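A quick write-up on the structure given underneath.
Protein chains: 2
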Amino acid sequence: MKDRSERLKKIKELIRSHRIESQESLLSLLEKENFNVTQATLSRDLKYLRVSKISDGWSGYYYSLPTDESPPKAEQGYIQDVRRGIVALEFSYNIGVIKTLPGHADSVALALDKLNLPEILGTVAGDDTIFVILREGMTKEDLTTSFQSKIPEVDT
Amino acid sequence: MKDRSERLKKIKELIRSHRIESQESLLSLLEKENFNVTQATLSRDLKYLRVSKISDGWSGYYYSLPTDESPPKAEQGYIQDVRRGIVALEFSYNIGVIKTLPGHADSVALALDKLNLPEILGTVAGDDTIFVILREGMTKEDLTTSFQSKIPEVDT
DNA sequence: CTTCAATTTGTATATTTATACTCTGATTTT
DNA sequence: AAAATCAGAGTATAAATATACAAATTGAAG
Chain A
1 MKDRSERLKK
11 IKELIRSHRI
21 ESQESLLSLL
31 EKENFNVTQA
41 TLSRDLKYLR
51 VSKISDGWSG
61 YYYSLPTDES
71 PPKAEQGYIQ
81 DVRRGIVALE
91 FSYNIGVIKT
101 LPGHADSVAL
111 ALDKLNLPEI
121 LGTVAGDDTI
131 FVILREGMTK
141 EDLTTSFQSK
151 IPEVDT
Chain B
1 MKDRSERLKK
11 IKELIRSHRI
21 ESQESLLSLL
31 EKENFNVTQA
41 TLSRDLKYLR
51 VSKISDGWSG
61 YYYSLPTDES
71 PPKAEQGYIQ
81 DVRRGIVALE
91 FSYNIGVIKT
101 LPGHADSVAL
111 ALDKLNLPEI
121 LGTVAGDDTI
131 FVILREGMTK
141 EDLTTSFQSK
151 IPEVDT
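These protein sequences, in sequence, are chains A and B. The numbering of the first sequence is our numbering, which starts it at 1 and goes up by one. The numbering of the second sequence is our numbering, which starts it at 1 and goes up by one.
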């Protein structure tokens, strides 16, 4: 059927470009694109597409396409929310390494800078990786606390 | 703590060797091995391990370890890229600075990333310079060892 | 040994996701 | 054209999973 495959395509596109943490939020993204279905259908679509929900090992979960479906396509970001672009965050001493969706490091780093978090001395962005240098005395915990209090909501 | 890491190890082992379709069934496998925990703990373990539940596309779901836990694929091509591009490598604490031929930083860094070396937390590339952040506890020596085992005949 | 802070876990529950059942409309068969 | 078959989707609900909170445990500092 025509409608279904259109929808499947759009779902893949959305998953590639956004950090999506639940079927409900994916659902509302789809609505914005004028695809109106229920959560049940979405669940079936995701099963069909072999999409998996994986952990960033830190603050939550997000959907991901199977590896042979997620090519390194660096596309223009419509990321407004810092958290939405972040795929993983780990620390080594005073340096944090953030992994983002491909091509999104730049915009996420910019957004991070704008937050003016006291813990952050500076950032450097590559394509899908950001280094965050912490100020002396600041810890990973300080940052995550401050971070979560500044970032009001997740997804839409 | 001792118990936890034992358990995590066993969980990885079980996931590698069985098709596991729910936390409950994983739980009972663990019980047989004398690990007694609740579903909640298991959920947290799986999050920590970044285990994901994936669909086989038709009959159901099963747990799977993240790809960098499973056998590495064809990385031979990347190895050549890495070898060819590196001009110098020096460390300051947990940060390595790699000098490359002009304009090559990007491709070398990409190749480095693909190697998925356990010592490397992340990289960011400029034009002819790459920063490499080491994981906590890892040293320059660990990296060069691991590096040379994957890439014979490179001086650092 | 005590105290304080950090980690780990269990309990209870909320949230999220899968699915049994049913309906609809499209397509094929007779 | 009616009957039979089938894929897709909605509804309601079951099943699975994540998490807030409190209790327990460990480790470090005095």
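Yeah, the Cβ is synthetic: ideal placement off N, Cα and C, and Gly gets one too. Keep in mind the model is a prediction, meaning the values are calculated, not measured.
The beta carbon of Thr129 (chain B) does not come within 8 Å of any beta carbon belonging to chain A, so the residue lies off that interface.
Taking 8 Å as the cut-off between beta carbons, none of the residues of the segment 17-32 of chain B comes near chain A. Below 8 Å, too few C-beta pairs join the segment 127-137 of chain A and the segment 8-25 of chain B to call them touching: fewer than three. Residue-level contact by beta carbon fails for Val97 (chain B) and chain A, as no gap is shorter than 8 Å. At least one beta carbon of chain B lies nearer than 8 Å to the beta carbon of Tyr93 (chain A). Partner residues in the beta bridge of Tyr61 (chain A), as assigned by DSSP, are A:Ser55. Around the beta-carbon of Leu121 (chain A), fewer than 16 other beta-carbon atoms lie within 10 Å, marking it exposed. Flagged as an interface residue toward chain A: Ser55 (chain B), by a C-beta distance shorter than 8 Å. When only Cα atoms are considered, Leu30 (chain A) and Gly57 (chain A) end up about 27 Å apart.
Counting the other CB atoms within 10 Å of its CB gives Lys99 (chain A) a total of 16 or more, which places it among the buried residues. Asp128 (chain A) is classed as buried because its beta carbon has at least 16 other beta carbons within 10 Å across all chains shown. DSSP, reduced to helix, strand and coil, places Leu14 (chain B) within a helical segment of the structure shown. Contact note: Ile86 (chain B) does not reach chain A at a C-beta cutoff of 7 Å; the least C-beta distance is about 17 Å. Within chain A, the residues Gly126 and Thr129 have their CB atoms less than 8 Å from the CB of Thr123 (chain B), given in chain order. The three-state secondary structure of Leu89 (chain B), taken from DSSP, is strand. With a 10 Å radius around the Cβ and a threshold of 16 neighbouring Cβ atoms, Leu110 (chain A) comes out exposed. The shortest C-alpha to C-alpha distance from Asn34 (chain B) to any of B:Ile11, B:Glu141, B:Lys53 and B:Ser52 is the one to B:Ile11. Counting along the chain, Thr38 (chain B) sits inside no alpha helix (DSSP H), nor does DSSP assign it H or E at all. Among the residues facing chain A, Glu136 (chain B) is included, as its CB has a counterpart in that chain under 8 Å away.
A check of alpha carbon separations from Arg4 (chain B) across B:Met138, B:Asp45 and B:Gly96 identifies B:Asp45 as the nearest.
Beta-bridge analysis with DSSP links Val132 (chain B) to B:Gly96 and B:Thr123. The criterion of a C-beta distance shorter than 8 Å is satisfied by Glu119 (chain B) and Leu143 (chain B). Residue environment for Asn94 (chain B): buried (at least 16 other C-beta atoms within 10 angstroms of its C-beta). Annotated three-state conformation of Arg7 (chain B) is helix, per DSSP.
The shortest C-alpha to C-alpha distance from Gly96 (chain A) to any of B:Tyr63, B:Leu115, B:Ser107 and B:Val124 is the one to B:Val124. A:Gln23 is the residue among A:Gln23, A:Tyr48, A:Arg50 and A:Leu49 whose C-alpha sits nearest the C-alpha of Val37 (chain A).
At least 8 Å separates the beta-carbon of Lys47 (chain A) from that of Lys53 (chain B).
Within a 10 Å sphere around the beta-carbon of Ala105 (chain B) sit 16 or more other beta-carbons, which makes this residue buried. When secondary structure is reduced to three states using DSSP, Glu24 (chain B) falls in the helix class. Under the criterion of beta carbons closer than 8 Å, Leu26 (chain B) and Leu42 (chain B) qualify as touching, at roughly 6 Å. Around Ala109 (chain B), the beta-carbon contacts reaching into chain A at under 8 Å are Gly126. Taken through DSSP and simplified to helix, strand or coil, Leu49 (chain B) comes out as helix.
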